[in-house]
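Report on the structure given below.
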Amino acid sequence: MTISYEQKYLLDAVRSWFDEAEQISHYASELKSGPTSAELFLLGQLSGDGQVLDVGCGAGRIAMYLAEKGYQVVGTDVSEQLLNVAKEHSMQSNQPIQFIQNEGVQLPFKNEEFDAVIGFKILCYIPTRELRAEALREYGRVLKPGGTCILTQYIVPEEAMEDARDEYFEANLAASFDILEEGDNFPLGKGYVHWFTETSLQTELAGTSLTIEIFEDDSKHGGSGYLCLIKMKKCG
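The UniProt record's numbering numbers the first residue of the sequence shown as 1 and each following residue consecutively.
Dropping the structure here:
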């Protein structure tokens with residue numbers, strides 16, 4: 001699909017943000033922590049083997065865990081700097097993970113190539129409902145029939161949505177873009193994030209060809225209740 005100038009600008013803003021030294025340091029420091037209890041709950045929904053695609057893998061925290069469990073893992077991310085950290089760590093740990101830089105939402109893989117697709121806290125960095133829908137279609141396209149897609153995504157209360165457009169939003173060069181939607185935000189004036197409510201997230205997921213099997217918050221797994229845990233299945 002064709003990406004507009006404004007969409008590309010926001011995608012580039014996300015990439016530049018995650019390439020910053022502060023972000024690299026933060027995600028590198030999380031490598032030893034492994035998955036959270038909520039993430040382990042979702043990862044436990046996988047079959048136990050096969051090929052897994054980790055979209056938005058960052059420094060490789062989840063990819064490393066899966067490789068250690070015996071999965072064949074491919075990780076993609078927009079940030080070359082984060083991928084460099086991931087590659088170095090996987091080499092040091094002797095884990096054969098393939099890491100690929102990928103911009104935009106289209107995935108450089110064949111149809112029905114993976115047994116599972118993982119996207120932890122990734123949808124919020126994709127501007128416009130149109131591009132998020134395309135990303136979800138891509139997850140379904142590369143999944144094998146019967147494959148599993150697991151996602152996590154932060155949600156905010158309905159009444160908090162008006163707080164997205166703060167002083168940092170107004171000062172950003174992209175504040176006048178026609179494509180901006182309710183919930184779009186520029187954290188501390190940097191990058192791009194889309195805030196979801198529980199309803200808006202569920203609505204976007206329901207528009208895919210994948211069947212939702214789990215949609216719940218993380219409060220049962222030691223979380224704040226603001227992280228949504230999602231499992232979807234590809235029929236076949």
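Glycine included, every Cβ here is placed at the ideal spot set by N, Cα and C.
As the structure is a prediction and not an experimental result, all values here were calculated from the model.
Check                                                                                                                                                                : Outcome
Nearest CA to the CA of N172: which residue from M161, E182, K190, E158?                                                                                             : K190
Using a Cβ-Cβ cutoff of less than 6 Å, which residues in the same chain neighbour Y139 once the five nearest sequence positions on both sides are dropped?           : V117, C149
Let's test the definition: count the other Cβ atoms within 10 Å of the Cβ of T203 and tell me whether it reaches 16, buried, or not, exposed.                        : exposed
Measuring straight from C-alpha to C-alpha, what distance separates Q92 and L42?                                                                                     : 27 Å
If we call anything under 7 Å between Cβ atoms a contact, is G75 one with A59?                                                                                       : no
Quick one: is M232 buried, meaning 16 or more other Cβ sit within 10 Å of its Cβ, or exposed?                                                                        : buried
Go ahead and label K234 buried or exposed: buried means 16 or more other beta carbons lie within 10 angstroms of its beta carbon, across all protein chains shown.   : buried
Just to confirm, is the Cβ distance from G222 to S37 under 7 Å?                                                                                                      : yes
Can you tell me which of the three DSSP states Y192 falls into?                                                                                                      : coil
What are the start and end residues of the beta strand (DSSP E) that includes D115?                                                                                  : 114-120
Quick one: Cα of G236 to Cα of S16, how far?                                                                                                                         : 39 Å
Quick check on this structure: which residue in E113, L10, L229 has the alpha carbon closest to the alpha carbon of I155?                                            : L229
Does the Cβ-Cβ distance between T128 and Q7 come in under 7 Å?                                                                                                       : yes
What are the boundary residues of the beta strand (DSSP E) that includes E216?                                                                                       : 211-217
Is it the case that the stretch 23-31 contacts the stretch 108-122, given that we only count it when at least three CB pairs across the two stretches are under 8 Å? : no
Checking 7 Å against the spacing of the C-beta atoms, do A133 and I126 come in under that value?                                                                     : no
What is the DSSP secondary structure of Q98, counted as helix, strand or coil?                                                                                       : strand
With a Cβ-Cβ cutoff of 7 Å, do Y168 and L10 count as a contact?                                                                                                      : no
Please state whether DSSP places M161 in a helix, a strand or coil.                                                                                                  : helix
Please look up how many angstroms separate the CB atoms of L66 and V105, rounded, as I've assumed it's under 8 Å.                                                    : Rounded, the Cβ-Cβ distance is 22 Å, inconsistent with contact.
Measure the CB-CB distance between L107 and V78 and report whether it falls below 7 Å.                                                                               : no
Using 10 angstroms around the beta-carbon of A175, count the other beta-carbons present and answer buried if the total reaches 16, otherwise exposed.                : exposed
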